[in-house]
């Protein structure tokens, strides 16, 4: 189909949603995908490109000239356009920008490129509907019609004073139901949520979720209205945050997808595995220090994987709860309270598990002392692991380090080593070797 | 402040957002919170209650009469009202419903209660703006003003035929810019995304994310328009999904929060810990079977935690990638391809890690054969763990079981046992005991 019949192809794609076409293109090879992109209109292809996977998009953009890319950008909202340019190599960025025809659009994109990707400025779009507080409803409706042409979706109408400082917002409903001569200053709602352009993306997401907002205006330190952020961008932020935390917990250190290359996967996974390896070597060295126990109490050595694994599991459970509470910012009470609660919980769970383990080991080897040593160690290890798992993410958070890092192999590995050290120390005391 | 001065209190809260008041109430004790709820207007308190944590809300509702609850429900959108009723005990539900004054509202809520919580029906609200295809623009605008009173936010205007079957949608923009006599049938957009009332919440979230929708209409099997779902409900679904997967990966089997009771925490964490305990006991039993090796090659036993931990880490890394790809539905290629890729990756990572481990063990004990046994085992274990970690979630997904269950202690534990079995088998072969 692909080789010749352009018209049939165009007809075929005409009625498809751009998100669906993007999926089809991702499955085609590069030449075919580029061919289709060049064939279609730039108002459609720009949307298709935005829906595509970053890596696939990058490859296609490499096959397009700066002029062709600039044409795509002309069709995009400023926030999407800035995101797309930011992915290009430095030297191409300038060339592409100079090829953008619409001067205002160009200036807007250049402004957005200045902001950090993970800040409110990096998320916002310049497209918005704003009215001045000295207009009346009629003028307002007229101007809005003109402005709305450039805005994909009208969420809110922002009211500014003559210095472009945010004063409030207008509801579409009020606008529809008020007489046309009423001055805006009488109908606008002065209470409006906003974020600062330098706020972090996570903070913006939190505010918008908390107040159920679908769009929020962005201002600078002097309340000048700079842009607005819409909920669909926030959905992406939330998804990415969650994905990142999940991967961190699974011991994957970079954002990767199943379809990335072998080397990307290897690079993302190896660091944590190295950590695990050093942890294991550390545990082995500790056991080497207790080697003299092996002749009389070989059974102790059979339970090291159990002690290590349980220490890891309990630590991860404890830290995951804390990390999630921090992420949802619904953590209350002092660190001391948290630690006490975790301590009580570890007492309960530890007691239950230790009794079971004691029954098993006693039934197996009929040695009271070793059975006691093993089960008491498990009890102590569960308590220590729970406290470490609670304390580390809280501590990291206080130090302004992302606590999610604490849930993965980091906790598992350190608890492994602590656990085994505690285990053999208790055994040595009890068995008196 | 709380004891007497009602007026001052009302003034204080008057200008606060209901989400902020909800936070304050959660920090107060139950009596104080109930007092404030009874003091405030029901249009405000209904919003406050919806923002509160489920457990806190439940306690306050216990202190309110059926009539008072019905009053709150009268103020809420149908979807929120249905959610709140669903949390009450069975016998109170009927009493509360019979106390709702607005008959239409009552019927809507009763309809919504029939649908499964995790389906499109469970998410949707009955509030929407709809117009008939035989109206003209003028009639449409008039009717819309009337309908819009009951709808918090107008996202889309849906067009239906005389049988209430979904035909398309109207854009506000088009409505504002078209002459008032144009019939709706000439201006509406016949292409409209929709979901079936029985679709799962996850599917709805996926569709809305893919097509960047802010609201989607819900229809039954015969295309009758039943309700609509808005993006803010979907944000909650996405958050909950992500939280659930994260907790699953951390070995927490129920949705809990840091502030839940000790027993809730214990119940959520113990099941996976039991599993870990049995895994550890299994590993100990396997080692018991190789006890004769302990005299000559004690060092082998020092590395069991390392082998177990690495098997667990690699397995979790592999399964997390698969689970995440399935959740984002961007997994391509056959199972065989996936397994081959994971196999190659495990070869690369396994080789790197084994060489390091070999150097270390040789340097420590200067025994070529045991060093070889340990490092070759690590290599094999990494490959097997990677393949198990890839296969299990893919298999579960084919069996329509949530693959997220595979990332947690389940993979860790089974890989622990496999790993140690492989380790000692290889050692036995190499060292010929």
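Residue numbers (our numbering), protein chains in the order written: chain A, 183 to 615; chain B, 183 to 615.
Yeah, the Cβ is synthetic: ideal placement off N, Cα and C, and Gly gets one too.
Ranked by Cα distance from residue 207 of chain B, the first of B:197, B:199, B:198, B:218 is B:218.
When the alpha-carbon of residue 328 of chain B is set against those of B:443, B:393, B:311, the nearest one is in B:311.
Excluding the 5 residues flanking it on each side, residue 598 of chain B has same chain C-beta neighbours closer than 7 Å at 461, 465, 490, 493, 494, in chain order. With respect to chain B, the C-beta atom of residue 499 of chain A has a partner C-beta closer than 7 Å. The DSSP-derived three-state label of residue 412 of chain B is strand. Residues of the stretch 191-215 of chain A whose Cβ lies closer than 7 Å to any Cβ of chain B, in chain order: 199, 201. Residue environment for residue 575 of chain A: buried (at least 16 other C-beta atoms within 10 angstroms of its C-beta). By the rule that beta-carbons nearer than 7 Å mark a contact, residue 607 of chain B does not touch chain A. Separation of residue 319 of chain A and residue 343 of chain A (C-alpha to C-alpha, rounded to the nearest whole angstrom) is 15 Å. Distance from the CA atom of residue 427 of chain A to the CA atom of residue 357 of chain A, rounded to whole angstroms, is 43 Å. Following the DSSP letters along the chain, one finds residue 313 of chain B inside the beta strand (DSSP E) bounded by residues 311-314. Look at residue 239 of chain A: its C-beta is not under 7 Å from any C-beta on chain B. For residue 447 of chain B, a Cβ of chain A is located within less than 7 Å of the residue's own Cβ. Counting of Cβ neighbours within 10 angstroms places residue 289 of chain A among the exposed residues, the total staying below 16. Chain A places a beta carbon closer than 7 Å to that of residue 486 of chain B, counting this residue as a contact. If the five residues before and after residue 283 of chain B are omitted, its C-beta is found closer than 7 Å to the C-beta atoms of 256, all from its own chain and listed in chain order. If the five residues before and after residue 230 of chain B are omitted, its C-beta is found closer than 6 Å to the C-beta atoms of 200, 203, 204, all from its own chain and listed in chain order.
Ranking B:558, B:592, B:295, B:569 by CA distance to the CA of residue 307 of chain B puts B:295 first.
Closer than 9 Å at the C-beta level to chain A, one finds these residues of the stretch 527-543 of chain B: 527, 530, 531, 534, 535, 538, 539, 542, 543. According to DSSP, residue 398 of chain A shares a beta bridge with A:411.
Comparing alpha carbon positions, the residue from A:349, A:380, A:386, A:376 closest to residue 369 of chain A is A:349. For the 7 Å CB-CB criterion, residue 459 of chain A and residue 533 of chain B do not form a contact. Against chain A, the beta carbon of residue 360 of chain B has no neighbour under 9 Å; the closest one sits roughly 11 Å away. Spanning the alpha carbons of residue 232 of chain B and residue 252 of chain B requires a straight line of approximately 14 Å.
If you check each beta-carbon in the stretch 375-409 of chain A against every beta-carbon of chain B, the ones closer than 7 Å belong to 391, 392, 393, 394, 396. Counting only residues of its own chain and dropping the five nearest sequence neighbours on each side, residue 241 of chain B has a CB closer than 6 Å to the CB of 212. For residue 318 of chain A, the secondary structure class from DSSP, reduced to helix, strand or coil, is strand. Residue 563 of chain B places its beta carbon 7 Å or farther from that of residue 590 of chain B. Looking at the backbone, the Cα of residue 411 of chain A and that of residue 302 of chain A are separated by about 8 Å. Beyond the five residues adjoining it in sequence on each side, residue 612 of chain B comes within less than 8 Å, by CB distance, of 551, 554, 555, 558 in the same chain, given in chain order. The contact set of residue 417 of chain B on chain A, defined by CB atoms closer than 8 Å, consists of 391, 413, 416, 417, 420 in chain order. Residue burial is scored here from C-beta neighbours: residue 324 of chain B has fewer than 16 other C-beta atoms within 10 angstroms and is therefore classed as exposed.
As DSSP reads the structure, residue 351 of chain B sits in a beta bridge with B:340, B:371. Residue 393 of chain A places its beta carbon less than 7 Å from that of residue 375 of chain A.
By the 16-neighbour rule on beta-carbons within 10 angstroms, residue 404 of chain A is exposed. Rounded to the nearest angstrom, the Cβ distance from residue 188 of chain A to residue 221 of chain A is 6 Å, consistent with a contact under 8 Å.
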